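J.: Quick one: structure below, then a few questions.
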Amino acid sequence: MRVAAFSDFTGPNSISIIDRPIPEPDRHEAVVEVEACAINRHDLWILEGDSAVIDTDDLPFVSGLDLAGTVQNIGEDVTGVESGDRVVLCPNVTCGTCRYCREGPENLCENYSLYHGGLAEAARVQADRLIPLPDSVSTVEAAALPTAYMTAYHMLRRLEIGPTDLVFIPGVTGGVGVAGVQLVASLGAHSIGTSSSQVKLDRLKSLGLDYAIKSTDPNEIEDAVTNIGSVDGVLNHLGGEYTQLGLDVLRRDGRMAVCGRTAGNKSVINISDLFLGHKRIIGSTMGTQRDLETLIGLVAAGSLTPEIDETYSLEDTEAAFVAMQDRESVGKLVVIP
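First residue of the sequence shown? That's 1 in full-length UniProt numbering, and the numbers climb one at a time after it.
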């Protein structure tokens, strides 16, 4: 089978298409014929050498968390899925034995990690992480859901967002931002988003963005958000200086969920603003398998349509990462092996 492998950590030009044997499943595993695999900033960080988990000992490395396809083969102890089933993978990898795995939710696992290997014609996965797909959900739509949409959905749940709430999403044209806009709208809430691109903001408006702010300057953004209204929740996938900005625009007792570090790995915040305003900052990583099942149900019901910016062949995986690196896209980039 063919795989798109990272031969080095120097960027998209280090991706090579190589051959590997078709895997065989162990007792609790399944082999999936990959029909779609979305890429994420997580994959790009690995490709650029900005990952504490993957190093040169892992080369050549096959990334890809968000895969969907058809089950080819299953291990002898597998139940719940069969050969021929259309499925999507929940990429959570957990130990199954720590207190958080026992009590839940599973994304609190002390040994939590993520699956890699979807940028290939076939992938060996834990069978109990596979979710069957309804006929009305395509594999491309399903592959778009796990990382961006599951992360945004879990953040909104933790923020307890409901109808009429106002949600601020800085950097709204990223994967989590786009997903957040669509999910906020589905909840009957309202969204404020920022970007340096008016073209991208206009596209987000067509997906449900209520208020668009064309700026990357925190002071300008704070003034603009304040003029719009009192913010109930912040979806912060940027980190850096946007954490204090999120606190600045939150109402008293407001909540901010942080899931990323695109704008910086460290944030300096005003502690007095935090405790005097009874505000909350919540760390959030990915989501649960139940979250992903809920999202699949929303797509099947026609309540959510994942935004796909572009699809690529396996041979064009390099081009997909170039587009992500250049920040050209709005919505998911999906490789179709």
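By construction, the Cβ of each residue, glycine as well, lies at the ideal position given by its N, Cα and C atoms.
Computed from a prediction, not measured in an experiment: that's the story for all the values here.
1) Which first and last residues belong to the beta strand (DSSP E) in which residue 398 is found?
2) Could you check what DSSP says for S14 in three-state terms: helix, strand or coil?
3) Okay, do the segment 140 to 151 and the segment 283 to 299 touch, 3+ Cβ pairs below 8 Å being the bar?
4) Between T262, C101, L89, C98, which has its C-alpha nearest Y115's C-alpha?
5) Please list, in chain order, all residues of the same chain as D165 whose beta carbon is under 6 Å from its beta carbon, the five residues on each side excluded.
6) Between the Cα of T82 and the Cα atoms of V71, P91, A52, A301, which residue gives the shortest distance?
7) Work out the CA separation of T97 and residue 341 for me, nearest whole Å.
8) Using DSSP's beta-bridge definition, name the partner residues of E310.
9) I'd like to know whether the C-beta atoms of L145 and I22 end up nearer to each other than 8 Å.
10) Any chance you could list the alpha helix (DSSP H) runs of at least 4 consecutive residues sitting entirely within the segment 2 to 86, in chain order?
11) Please say whether V3 and A120 have beta carbons closer to each other than 8 Å?
12) Residues in the same chain with beta-carbon distance under 6 Å from T173, minus the five sequence neighbours each way, listed in chain order, please.
13) Please identify the residue among N111, I74, D135, G264 whose C-alpha is closest to the C-alpha of D128.
14) Here's the rule: buried if 16 or more other CB atoms are within 10 angstroms of the residue's CB, otherwise exposed. What is F168?
15) Anyone know if the C-beta pair for S303 and M155 falls short of 8 Å?
16) When DSSP builds the beta bridges, which residues end up paired with G208?
17) Please report the distance separating the alpha-carbon of R203 from that of P12.
18) Can you tell me whether Q198 is buried or exposed, with buried defined as 16 or more other CB within 10 angstroms of its CB?
19) Rounded to whole angstroms, what's the CA-CA distance from I54 to F61? Just pull it up for me.
20) Taking the alpha carbon of S186 as the point to measure from, which residue in K205, V176, P163 has its own alpha carbon closest?
21) Mind checking who T194 pairs with in its DSSP beta bridge?
22) Please return the same chain residues whose Cβ sits closer than 7 Å to the Cβ of residue 344, not counting the five positions on each side in sequence.
23) Can you give the Cα-Cα distance for A212 and G193, rounded to whole angstroms?
24) For L238, which residues of its own chain have a beta-carbon under 7 Å away from its beta-carbon, when the five flanking residues on both sides are left out?
25) Looking only at its own chain, which residues have a Cβ that is under 7 Å from the Cβ of E141, when we skip the five neighbours before and after it?
26) Please check the pair E76 and R27, which I expect to be a contact at CB under 8 Å, by giving their CB distance rounded to whole angstroms.
27) Among G177, I221, L276, whose alpha-carbon lies nearest the alpha-carbon of D253?
28) What residue from P132, V93, L44, V268 has the CA that sits closest to T326's CA?
29) Using a threshold of 8 Å, state whether the C-beta atoms of V181 and L159 are closer than that.
30) In the DSSP assignment, find the unbroken beta strand (DSSP E) run with R261 in it and report its ends.
31) Measure the alpha-carbon distance for E106 versus S113 and round it to whole angstroms.
32) Using 10 angstroms around the beta-carbon of R99, count the other beta-carbons present and answer buried if the total reaches 16, otherwise exposed.
T.: Walking through what the data contain:
1) Outside the displayed range of the chain (1 to 337) lies residue 398, so it cannot be described from this structure.
2) The answer is helix: DSSP assigns S14 an H, G or I state.
3) Yes: the two stretches touch, three or more of their Cβ pairs being nearer than 8 Å.
4) L89
5) Non-local beta-carbon contacts of D165 in its own chain, meaning distances under 6 Å to residues more than five positions away in sequence, involve A189, D232 in chain order.
6) Sequence inspection shows Glu at residue 82; the Thr mentioned does not correspond to that position. Comparing Cα positions, the closest option is V71.
7) The chain is shown from 1 up to 337; residue 341 falls before or after that span and cannot be answered.
8) L333
9) Not in contact: L145 and I22 (Cβ atoms no closer than 8 Å).
10) 41 to 47
11) yes
12) S195, K200, V330
13) I74
14) buried
15) Not in contact: S303 and M155 (Cβ atoms no closer than 8 Å).
16) According to DSSP, which records beta bridges pairwise, G208 is partnered with nothing at all.
17) When rounded, the distance between both Cα atoms is 27 Å.
18) exposed
19) 9 Å
20) P163
21) I213
22) Nothing can be reported for residue 344: it is not among the residues displayed for the chain, which extend from 1 to 337.
23) 5 Å
24) P170, G171, G260, T262, A263
25) V299, P306
26) 5 Å
27) Nearest of G177, I221, L276 to D253, Cα basis: L276.
28) The question names Thr, but residue 326 in the sequence shown is Asp. Ranking the options by Cα distance to D326, first place goes to L44.
29) The Cβ-Cβ distance between V181 and L159 does not fall below 8 Å.
30) From DSSP, R261 is part of no beta strand (DSSP E); its letter is neither H nor E.
31) 11 Å
32) Counting Cβ neighbours within 10 Å, R99 comes out exposed, since fewer than 16 surround it.
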